[in-house]
Amino acid sequence: MLQHIKLGWRAALRQPFAVLVLFLYRFAWGFALYELVKSVIIPLLHRYPGNVSPDRVHLFLAEIQFQLTKTDLISPYLWLLVGLLGARMLLTPFINAALYYSVEYTRLNNGYRFFKGIKELYKSFLLYYLLQTVVTLGPLYFLIPKVKSIFLQAVSYESLLMNLLPWIAGCLVYGFLVRLAVMYLQFGRTANRPLLQSMTCLIKGLLPVIGMAVILLLLSFLLSLTVLTVVFVWAGFWAVLLYQLYRFAETFISVWGITSQHQWYTSQSA
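Counting from 1, one number per residue, gives the positions in the sequence shown under UniProt numbering.
In structure tokens:
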């Protein structure tokens, strides 16, 4: 397992173009969401009364609640958010197709294999992305009534949180496993191997596959925790620069995770 992580590190270093494009894509998506949230929050905060009596603050919060729930103030922003999510659903398969093709066919030129992957694999990867989305969100049909029941029966926020935690954890684990399964389907499609062979490779090596994914997930979490702690304590220009470098490192770790799994897939499919 550790050997494949080490080989994945070397393979990720050979993907500078893919890492850069993925970083810019994530940066653009984050910036778009930031601007959307800012356009909603800042106008509302202009009416914040400041350090005055609690009654004025409660009145301010009640006014915001009324504007958000009883007027159409939020409607344009919701439609804009839906548009952004739709754009993301169309663009993500582009990036995935290019990245997976670039990882598989390393003998080709960096930029050429990236764009060739889009041409060769986009339609298939769009279907895989839709499949992943549907399968991931499917359990919500059964979970929403359960969550509603927990919410109505909760006597405090603490009890509500404690009752919801197992369900939240279960959803996260389920989504994690679905993502791994779709990843191996995409490996098979990129290498033109049968679907059954890809799924067999995943099932036979499920423990090392999950182990590699968890190790890199923990690495990303520890990096996030360290950088965010430094940014909060050490504000200023260098903190902003450090945060952007962290975002780039986080993107590299994401690619590293894919290349490590690809190394395992290739070794088992050879």
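C-beta: ideal position from N, C-alpha, C; glycine also.
Given the structure is predicted, the values throughout are model-derived calculations rather than measurements.
- Collapsing the DSSP output to three states places TRP167 in a helix.
- In this structure, GLN15 lies near SER102, with their beta-carbon atoms less than 7 angstroms apart.
- In the three-state reduction of the DSSP assignment, SER159 falls in the helix class, which pools H, G and I.
- The beta-carbon separation of ALA213 and LEU245, rounded to 24 angstroms, does not stay under the 8 angstroms limit for a contact.
- By alpha-carbon distance to GLY175, the top candidate from ARG193, GLY211, GLY138, MET199 is GLY138.
- For the beta strand (DSSP E) assignment, the stretch 182 to 264 encloses no uninterrupted run of at least 3 residues.
- Between PHE252 and VAL19, the beta carbon gap of about 5 angstroms places them in contact (Cβ cut-off 8 angstroms).
- A Cβ-Cβ separation of about 6 angstroms places ILE150 in contact with LEU164 under the 8 angstroms criterion.
- The C-alpha of GLY117 lies about 11 angstroms from the C-alpha of ARG189.
- Here the alpha carbon of LEU121 sits roughly 27 angstroms from the alpha carbon of ALA32.
- DSSP places LEU108 in no alpha helix (DSSP H); its state is neither H nor E.
- Taken atom to atom, the span from the alpha-carbon of TYR112 to that of ILE95 is near 14 angstroms.
- The beta carbon of LYS146 sits closer than 8 angstroms to the beta carbons of TRP167 from its chain, once the five residues preceding and following it are set aside; these are given in chain order.
- If the five residues before and after ARG88 are omitted, its C-beta is found closer than 7 angstroms to the C-beta atoms of TRP29, all from its own chain and listed in chain order.
- DSSP places PRO145 inside the alpha helix (DSSP H), whose first and last residues are 140 to 153.
- When rounded, the separation of the alpha-carbon atoms in ARG193 and THR106 is 18 angstroms.
- ARG10 sits in a helix when the DSSP states are folded into three classes.
- In this structure, the alpha-carbon of PHE114 lies about 36 angstroms from that of PRO76.
- Contact annotation, LEU216 with TRP256: C-beta distance approximately 6 angstroms; criterion of less than 8 angstroms satisfied.
- Using a Cβ distance threshold of 7 angstroms, PHE125 and ALA97 count as a contacting pair.
- Pairing LYS6 with SER260, the inter-Cα distance amounts to about 8 angstroms.
- When the Cα atoms are used, SER254 and TYR184 turn out to be separated by approximately 15 angstroms.
- One Cα belongs to LEU160, the other to THR200, and the distance between them is close to 40 angstroms.
- For GLY211, the CB contacts under 8 angstroms within the same chain, skipping 5 residues up- and downstream, are MET1 in chain order.
- When secondary structure is reduced to three states using DSSP, MET1 falls in the coil class, being assigned neither helix nor strand.
- Put simply, of VAL135, VAL173, ARG247 the residue whose alpha carbon is nearest the alpha carbon of SER224 is ARG247.
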